[in-house]
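At position 492 of the sequence shown the residue is numbered 492 (the UniProt record's numbering), and the sequence of numbers has no breaks.
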Amino acid sequence: MSYCVNPACPQPENVDDALKCKACGSKLLLRNRYQVNQPLGKGGFGATFLAQDISLPGRPNCVVKQLRPSATSARILEMARELFQREAKTLGKIGDHPQIPRLIDYFVGGKQFYLVQEYIDGYTLKQEVKEKGIFNEAQAKKFLQEILPLLNYIHSQEVIHRDIKPANILRRQIDQNLVLIDFGAVKDQVNQATMMGTGQTAFTNFAIGTSGFAPPEQMALRPVYASDIYAVGMTCVYLMTGKSPNAFESNPVTGEILWLPHLDISDSFTSILQRMLEFSVQYRYQSAQDVLRALDSESSYGMLADGMVMQQKSNSTPNPKSTNPTQEATFLNEPNTALSLPLQHQAAQIRARNQRLAKKKRPNFVGDTELYDQTSVTSGLSATQGAPVTMMYDSIPNSKVSSPPPSAPKWNENTLKTAYVKGRRDFADCELTGLNLQNFEGSGANFYESRLSNTNFQGADLTEANFGRARLTNVNLRNSTLVKAYLSNANLEGSDLRGANLRNACLNRSNLRGVNLCGANLTNAIVTDEQLAMAKLNWRTIRPNGKRKWWF
């Protein structure tokens, strides 16, 4: 069939060999080369058609996009043309990537703009979810590991997609690889300055994006690279729930979408998604590489956990040759003092996870291997009790380790400060309880999930430091600088933050029970009134609105 692309044609279907439309008389062969066969879709600014390139052997399929704005105002027409030209320019610039449709042609004909792209035979992830069901956690992680390198490439070309969603991601039939489509909303020539830098951001002339998948800064005409990170995170939520973001409730104060209650995923993956979906762009992952590194770290931890649990199951099997069963039972029930502190913490995390799984009364599997032993969970045994360190590491899949790895550093005040001065910034998941770090110059340090109870940070510079999910109970942060610090999900119970500078800090979901915030500066901090109600404040406390509250 030959299809007429005239928007006003009353009967666009024609026979294959027709040169002109029988209904409206329009020329059917575009550029004397492209024969349109059928419509594929229509949006606010254009329509897409499946066509054949008859100038090439085999008449390969291609996709023809026609500018067809529904509005007639001069402003809308100009905006549509700009978007159309931008898409053609972007595809010409980045279309050599195997996961991006290649630009074939771009031309004007009959006062219409046309863009011709490579045809991708496949189906969208939106269709996949509807037909095959929602993704589990493993499938969602695989999706991220496939799409994020592509996103990293796009950003390296100084391009923001601005409309990433399940309907714009195809799974190619021939190789099952993901392909990102619809670059009509892209923002190119991106100003590298962002909200975290000079305060100047790349402006666009009009808001573009899909409601729910686009973050607030994008809808406010300030898209940045991290805007695409948010859209990918929300796409991941859709894949695991089958629900549009607009179907979820939102925080009536912040507008933040409340997606977490709808998912049943591990704590570690929850943490990654929460960081991808931070409403405030300055606390979100800033690049696709950052998310990939987080996924790699989580994967490494998962393999370690599997090895530890499998070895524990092996050691929990009674030894018929044992001559002293009483002694063996005692050994299995004593803490393994040979474990380094990070491994002890990991063992505690695994034990807590197993207990949660046991309460749910369902096993969790990786491949065909059960992740926990129900007997050991219900009897209260640790996942690592009785597991020699060497054997535990040898049981990690594909591991080449044949001897115990070097112990993690046992930090004290001097070694931590020296490491920071020499350039180290990553102190995540470390045991730092009770250290005296008064006046510590720790700007930009990463203390994610670290144990810092009773640590003295009085007068310390912790600007933009990451304390996400850290244990900060009874910490002395008096007169410290925590500007733009990330404290999401941190436990600050009983801590002293008198006079602390918390301007633009993220305290989302942090525990502020019993925290002393007298004289603290919370201007523009992300924190709720409910959280502040659990803390101690006085007339000198500057609240998030920049004002002090007086009591008379």
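We treat Cβ as the ideally placed atom computed from N, Cα and C, and that holds for glycine.
Bear in mind the structure is a predicted one, so any value in this text is a computation, not a measurement.
Find the nearest neighbour of residue i within the set the options, judged by alpha-carbon distance.
i, options, result
"ALA485", "LYS410, ARG424 and PHE447", "PHE447"
"VAL63", "LEU452, VAL36 and ASN489", "VAL36"
"ASP53", "LEU67, ILE104 and LEU148", "ILE104"
"MET276", "GLY109, LEU292, ASP264 and GLY546", "LEU292"
"PRO245", "VAL253, PHE213 and LYS130", "PHE213"
"ALA226", "SER280, CYS4, GLY242 and THR254", "SER280"
"ALA88", "PRO544, THR235, ARG102 and ASN177", "ARG102"
"TYR285", "ASP264, ASP296 and ASP228", "ASP228"
"VAL159", "SER297, ASN414 and SER287", "SER287"
"GLY434", "GLY242, ASN476, PHE467 and TYR420", "ASN476"
"VAL232", "VAL253, ASP264, GLU278 and GLU249", "GLU278"
"HIS155", "ILE94, GLY133 and GLU131", "ILE94"
"TYR106", "THR455, LEU30, THR415 and VAL129", "LEU30"
"ARG425", "THR415, SER268 and GLY444", "GLY444"
"THR241", "ILE526, VAL224 and ILE134", "ILE134"
"THR455", "GLY255, PRO261 and SER495", "SER495"
"LYS142", "ASN516, ASN152, TYR420 and ASP296", "ASP296"
So, at 8 angstroms on beta carbons, what are the nonlocal neighbours of residue i in its own chain, with the 5 sequence-adjacent residues on each side left out?
i, result
"VAL483", "THR463, GLU464, ASN501, LEU502, ARG503, ASN504 and ALA505"
"ALA18", "SER2 and LEU28"
"ARG540", "CYS518, GLY519 and ARG548"
"SER480", "PHE457, GLN458, GLY459, ALA460, ASP461, LEU462, LEU497, ALA500 and ASN501"
"GLN38", "MET1, TYR3, PHE49 and LEU50"
"ASN177", "PRO98, GLN99, GLU146 and ARG171"
"ASP96", "ARG102"
"PRO149", "ALA288 and LEU292"
"VAL129", "PHE135, PRO166, TYR238, LEU239 and GLY242"
For residue i, does the three-state DSSP call read helix, strand or coil?
i, result
"ALA490", "coil"
"ASN414", "helix"
"LYS141", "helix"
"ASP267", "helix"
"ARG469", "coil"
"TYR420", "helix"
"LEU339", "Because the pLDDT of LEU339 is 37, which lies under 50, any placement of that residue in the model is unreliable, and the number read from its coordinates should be weighed accordingly. If DSSP states are grouped into helix, strand and coil, LEU339 belongs with coil."
"TYR123", "strand"
"ALA214", "coil"
"ASN152", "helix"
"CYS506", "strand"
"residue 553", "Since the first residue shown for the chain is 1 and the last is 552, residue 553 is missing from the structure and cannot be characterised."
"PHE49", "strand"
"PRO39", "strand"
"LEU482", "coil"
"ASN454", "coil"
"ASN251", "coil"
"LYS130", "helix"
"ILE160", "strand"
Under 7 angstroms Cβ to Cβ from residue i, same chain only, skipping five residues before and after it: list those, please.
i, result
"SER450", "PHE427, ALA428, ASP429, CYS430, LEU432 and ALA470"
"LYS417", "PHE440"
"CYS9", "CYS21, ALA23, CYS24 and SER26"
"ASP182", "ASP163 and ASN168"
"VAL253", "THR528"
"GLY209", "ARG162, ASP163, ALA185, GLN218 and MET219"
"ARG59", "GLN52 and ASP53"
Using the C-alpha atoms, what's the distance from residue j back to residue i?
i, j, result
"ILE257", "THR270", "14 angstroms"
"VAL5", "PRO12", "7 angstroms"
"ILE174", "ASP121", "8 angstroms"
"residue 554", "ASP290", "An answer regarding residue 554 cannot be provided, because it is not within the stretch 1 to 552 covered by the chain."
"ASN61", "ASN32", "15 angstroms"
"GLU413", "LEU437", "6 angstroms"
"ALA220", "GLN282", "15 angstroms"
"ARG543", "ALA535", "12 angstroms"
"ASN14", "GLY109", "20 angstroms"
"ASP267", "GLU137", "11 angstroms"
"ASN238", "ALA247", "Here residue 238 is Tyr; the residue named in the question, Asn, does not match the sequence. Roughly 10 angstroms between the two C-alpha positions."
"MET79", "GLN85", "10 angstroms"
"ASN538", "LYS42", "59 angstroms"
Give me the Cβ distance between residue i and residue j, rounded to the nearest whole Å; I'm assuming they're in contact under 8 angstroms.
i, j, result
"GLU441", "THR473", "About 24 angstroms; that fails the 8 angstroms criterion."
"SER510", "LEU532", "About 11 angstroms separates the two Cβ atoms, so there is no contact after all."
"THR124", "PRO98", "At roughly 18 angstroms, the Cβ-Cβ gap does not stay under 8 angstroms, so THR124 and PRO98 are not in contact."
"LEU497", "ARG478", "7 angstroms"
"ARG81", "PHE113", "7 angstroms"
"ASN489", "GLY514", "About 17 angstroms separates the two Cβ atoms, so there is no contact after all."
"ARG75", "PRO7", "With a Cβ gap of about 20 angstroms, ARG75 and PRO7 do not count as contacting."
CB-CB under 6 angstroms to residue i, same chain, minus the five flanking residues each way: which ones, in chain order?
i, result
"ALA546", "As written in the sequence, residue 546 is Gly, which differs from the Ala given in the question. Answer for GLY546: THR523, listed in chain order."
"LYS65", "GLY46, THR48 and LEU115"
"GLY92", "LEU103"
"CYS236", "ALA140"
"GLU118", "PRO101 and ARG102"
"GLU249", "LEU258"
Is the Cβ of residue i closer than 8 angstroms to any Cβ of chain D?
i, result
"PRO261", "Within the model displayed, chain D is absent; a lone protein chain is all it includes."
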